[in-house]
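As given, the protein sequences belong to chains A and B, one line each in that order.
Under our numbering, the first sequence has 95 at position 94, and the numbering climbs by one with no breaks.
Under our numbering, the second sequence has 239 at position 22, and the numbering climbs by one with no breaks.
The beta-carbon is built from N, C-alpha and C at its ideal position, and this holds for glycine as well.
Predicted model only: the values in this text are computed from it and were never measured.
I have placed the structure first, in the form of structure tokens, so that the comments after it can refer back to it.
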Amino acid sequence: MTVQTDRIERDVLIAAPVERVWELITSAEHMGRWLGDAGAEIDLRPGGKLSLSWREHGTHYGRVEAVEPPHRFVYRWLAEIDAQEEPTPANSTLTEFMLTAEGDGTRVAVAESGFDGLDVDPASRGATFASHTRGWTAELDELLGYAAGTPAGR
Amino acid sequence: MSTALAGPEPAVFAALADPTRWRLLGMLGQQGAGTATTLAAKLPVSRPAVIKHLGVLDRAGLVTRARNGREVRYQVQPARLDEAARQIAAVAAAWDRRLAALKALAEDDRK
Numbered sequence: 002m003t004v005q006t007d008r009i010e011r012d013v014l015i016a017a018p019v020e021r022v023w024e025l026i027t028s029a030e031h032m033g034r035w036l037g038d039a040g041a042e043i044d045l046r047p048g049g050k051l052s053l054s055w056r057e058h059g060t061h062y063g064r065v066e067a068v069e070p071p072h073r074f075v076y077r078w079l080a081e082i083d084a085q086e087e088p089t090p091a092n093s094t095l096t097e098f099m100l101t102a103e104g105d106g107t108r109v110a111v112a113e114s115g116f117d118g119l120d121v122d123p124a125s126r127g128a129t130f131a132s133h134t135r136g137w138t139a140e141l142d143e144l145l146g147y148a149a150g151t152p153a154g155r
Numbered sequence: 218m219s220t221a222l223a224g225p226e227p228a229v230f231a232a233l234a235d236p237t238r239w240r241l242l243g244m245l246g247q248q249g250a251g252t253a254t255t256l257a258a259k260l261p262v263s264r265p266a267v268i269k270h271l272g273v274l275d276r277a278g279l280v281t282r283a284r285n286g287r288e289v290r291y292q293v294q295p296a297r298l299d300e301a302a303r304q305i306a307a308v309a310a311a312w313d314r315r316l317a318a319l320k321a322l323a324e325d326d327r328k
């Protein structure tokens with residue numbers, strides 16, 4: 002059995018046309034509302050700069066990787082909050098949006114990948130998770146659930 | 218929420234991304250503890266290969282090792298595994314929240 006910890010995939014069906022959803026996903030005005038909550042900036046072309054801000058924890062900077070309207074949008078963002086170096090597989094993850102028409106609506110699939118390749122100092126990330134008493138087998142099951150693509154709440 | 222990219226522990230994830238190491242963890246969990254010899258006896262890989270895999274798990278903090286006479290016994294370190302699972306869950310949950318917000322925004326705009 003192989004465990005997939007490198008990639009996380011989620012999707013949602015939205016009752017709006019593909020073009021409309023594309024606009025919401027790729028315009029700074031809207032990204033700053035649903036993706037971040039304190040604004041965003043984007044130069045929408047491959048290689049263009051990107052930043053997404055959250056009131057509570059700062060800004061993630063990144064780079065646009067692919068723009069194929071109205072179906073595919075890909076960017077890299079740095080794992081470390083407020084860092085501004087050039088994104089590489091060692092310091093950033095890749096996020097890919099795929100939009101497909103489904104009936105009158107749009108299926109939005111998002112995949113974030115590249116976690117296994119991250120080489121970021123854990124201490125610099127500011128995220129600490131207290132351990133708790135749940136049995137480790139439950140954690141294995143949880144990881145296997147993600148690996149099988151059937152995460153809870155799907 | 219601090220999960221925009223709540224950095225998953227890279228060494229842990231890389232260590233988990235291997236089927237043999239995953240089986241080793243499962244076996245250690247069931248048995249409580251094990252040595253390279255006892256573990257290798259139940260796997261289609263050599264003892265040196267098992268030692269190498271255990272070394273990766275050890276460096277990632279997923280197992281602990283204790284010398285017992287001439288043998289080294291390995292045990293699962295649940296806290297680290299727990300943390301990795303939580304981090305994956307946190308990233309996935311963050312995307313669920315964002316997609317729900319996107320859906321609300323898109324569907325609201327149509328009214």
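Asked, Found
"Members of the stretch 16-45 of chain A that neighbour chain B once the beta carbon cut-off is set at 8 Å", "Ala16, Ala17, Arg21, Val22, Leu25, Ile26, His31, Arg34, Trp35, Leu36 and Gly37"
"Opposing strand residues paired with lysine 50 of chain A [DSSP bridges]", "A:Arg64"
"Chain A residues whose Cβ lies nearer than 8 Å to that of leucine 322 of chain B", "Leu25, His31, Arg34 and Trp35"
"Check whether alanine 91 of chain A and aspartate 44 of chain A have beta carbons under 8 Å apart", "no"
"Contact set between phenylalanine 1 of chain A and chain B, taken where Cβ atoms lie within less than 8 Å", "Limits of chain A in this structure are 2 at one end and 155 at the other, which puts residue 1 of chain A out of reach."
"Simplified DSSP state of valine 343 of chain B, which is helix, strand or coil", "Because chain B in this structure spans residues 218 to 328, residue 343 of chain B falls outside the shown range and cannot be described."
"Contacts around glutamate 20 of chain A, its chain only, beta-carbon distance under 6 Å, and the 5 residues preceding and following it disregarded", "Pro71"
"Beta carbon proximity, glutamate 97 of chain A to chain B, threshold 8 Å", "no"
"8 Å Cβ cutoff met for phenylalanine 74 of chain A and isoleucine 9 of chain A", "no"
"Cβ-based contacts, 7 Å cut-off: residues of the stretch 85-115 of chain A near chain B", "Thr94, Val109, Val111 and Glu113"
"Neighbourhood of glutamine 294 of chain B by C-beta distance below 8 Å, restricted to the same chain and skipping five residues each side", "Gly278, Leu279, Val280 and Thr281"
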